[in-house]
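Participant: Structure in structure tokens, see below.
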Amino acid sequence: MTHTSFNNVLLGDKVELFDQLCCINNNTPLIISEIFEEIRNYDSSMFSFWEEAGLQSKIITYLLHYTIPFYELLESEGKNNVGLLTTQLLSCLAWRTFDNCIDGHESNKVAHLNSIQTCMHLIDYAQFKNLNSTISQVKGHYNVMLEQAIQEAINPIELDHIWKRCSIFLYAPETFATLNETNITTYKNFINYTGLAHDLTDLVSDISGGAISLPIFWMREANEYNWINVKVMKSVYQKARDSVKHVEDYFRQNDIEHKFPMLNHLLKQSSSILNS
């Protein structure tokens with residue numbers, strides 16, 4: 015991956031989404047390029063580490079799905095700057111490697127080392143930018159995520175608390191950007207809504223990993239044998255649609271469609287999953 019050129023980033027299956035977001039806001043390539051330039055100027059070795067750790071394909075996902083929506087929230091408060099956006103990307107990568115430790119996607123040795131490294135990248139960068147970062151703040155988010163992982167091995171996490179699984183995503187919005195309460199709630203609801211949609215598409219992986227997501231809980235309510243058939247899945251999807259009605263009401267009441275068109279586009283993608 016070329017450090018300074020977004021055109022050489024591996025878009026993979028995100029080409030269409032990238033093009034769609036560019037149509038909504040033609041500054042999208044510039045925003046992402048500035049984040050890469052910021053990282054290159056801070057510590058260009060991060061790019062090599064991401065490649066070695068198998069994170070390269072995840073970068074564009076977290077940029078488009080979580081950093082760009084954060085950009086819109088920042089813009090609405092006149093607080094946009096590349097340091098905050100870079101912190102958000104590093105937070106996403108810190109969560110990804112933490113989650114790999116929980117899910118067992120990699121050997122413990124590899125997963126733990128990568129998780130420590132991405133966490134240190136995040137802390138070091140925040141301190142480099144004089145963002146008044148403290149290790150205790152990061153530790154607090156990791157404690158929340160660990161609590162959710164322990165709980166999800168026994169019981170599902172409630173829809174309104176799905177954001178806690180990736181609590182570190184709120185590190186930059188709350189601690190550094192100090193977004194207003196409405197925008198923080200919007201971002202949490204965005205994570206909750208898109209997170210449930212993701213869980214619907216990740217049933218098999220969650221079953222094999224021993225996680226009890228809401229869809230798995232609903233599936234077990236429908237049948238005790240974890241059978242996946244048309245009748246069961248119709249029931250699961252209906253429960254999912256019913257459960258998000260209050261979140262969709264929130265988005266409508268707060269005019270998210272017009273205030274944050276890129277965030278809204280991502281919500282529409284998740285809505286298409288929920289209503290499939």
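Heads up: the sequence shown begins at 15 in this note's numbering, then just goes up one per residue.
Each residue gets a CB set at the ideal place from its N, CA and C atoms; glycine is no exception.
List in chain order: all unbroken alpha helix (DSSP H) runs of 4+ residues lying wholly within the region 121-201.
Facilitator: 122-142 and 149-166
Participant: Taking Phe231 as part of the alpha helix (DSSP H), name the residues at either end of that continuous run.
Facilitator: Leu228 to Ala236
Participant: Just the C-alpha distance for Glu52 and Gln141, rounded to the nearest angstrom, thanks.
Facilitator: Straight through space, the alpha carbons of Gln141 and Glu52 are spaced by roughly 15 Å.
Participant: Would the region 230-239 and the region 118-134 be scored as touching if the rule is three or more Cβ pairs under 8 Å?
Facilitator: no
Participant: So what's Phe84 in DSSP terms, helix, strand or just coil?
Facilitator: helix
Participant: Ser105 by DSSP, collapsed to three states: which one?
Facilitator: helix
Participant: Under 8 Å: do the region 26-39 and the region 93-104 share three or more Cβ pairs, one atom per stretch?
Facilitator: no
Participant: Indicate whether Ile176 and Leu217 have their beta-carbon atoms separated by less than 8 Å.
Facilitator: no
Participant: How is Leu77 classed by DSSP in three states: helix, strand or coil?
Facilitator: helix
Participant: Taking Glu166 as the reference, which of Ser59, Arg179, Tyr156 and Leu35 has the closest Cα?
Facilitator: Arg179
Participant: Mind checking Val258: buried by the 16 CB within 10 Å criterion, or exposed?
Facilitator: buried
Participant: By how many angstroms is the C-alpha of Phe32 removed from the C-alpha of Ile130?
Facilitator: 30 Å
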